[in-house]
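Position 153 of the sequence shown, counting from 1, maps to 161 under the working numbering, and the rest follow consecutively.
Built from N, CA and C at the ideal position, the CB exists for glycine as well.
Just so you know, these numbers come straight off a predicted model, no measurement behind them.
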Amino acid sequence: MRRSKVPVKQLVLAGLLAMTSGHAQALETVASADQIYGNITKGHLGVTASLSLSSTSNEGQSAFTVFSFSARSQYFLADRIGLGPVLKLSTQTNFSDLSIGPSVLYYFWTRDRLGAFISQDVTLRTVSNSGNSGTTFKTESQLGLNYFLYPSVAVGPAVDFIHQFGTASFFSRVNQVSFFGQFSIYL
């Protein structure tokens, strides 16, 4: 048998070079998959809002219209982690509902222009209804998915899980789930 004239050192070096370049390319692919498209990195500010208007008519009762507004802002203390206030207002004839408190937001997954997040609020809720009023605490957890139209603008659906603590006869324990769309601006 005839031996190849390629020295063993050159074969080993060529093999190491091929493995190293393959490893570097794999690391580059992982790094690019983890890049964040939206302005949800440390030092950015986010503002999210949602509006709702509904009208209800029950047989034998007066019809009523409910207007709801929700706003939250976040300052991103670290990449994907925001902290800030939340404000929710809901009104109808002879009824108002105001909630205010802190909120923390975490984008746990990002890919291309999509970002999935969870958030947690703890709010003080004040309700007044025809002369009666009361205050209680509630917690609100959100799970959502934003599509970033631009790095600074996102839209998407979210699901809210709300638990209200019963503190007086005016309030009872409430568990509520709601689905809504929201609009966000990240500066």
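{"Item": "Contact the stretch 184–195 vs the stretch 52–72: 3+ CB pairs below 8 angstroms", "Value": "yes"}
{"Item": "Euclidean distance between Cα positions of Gly-189 and Ala-166", "Value": "6 angstroms"}
{"Item": "Lys-50 classed as buried or exposed, judged by whether at least 16 other C-beta atoms fall within 10 angstroms", "Value": "exposed"}
{"Item": "Alpha-carbon to alpha-carbon, Gly-68 and Ala-124", "Value": "44 angstroms"}
{"Item": "C-alpha gap between Leu-122 and Leu-157, whole angstroms", "Value": "9 angstroms"}
{"Item": "Helix, strand or coil at Gly-68 [DSSP, three-state]", "Value": "coil"}
{"Item": "Distance CB(Phe-103)-CB(Asn-137) smaller than 8 angstroms", "Value": "yes"}
{"Item": "Distance between beta carbons of Ile-108 and Leu-132, contact taken as under 8 angstroms", "Value": "6 angstroms"}
{"Item": "Euclidean distance between Cα positions of Val-94 and Ser-70", "Value": "32 angstroms"}
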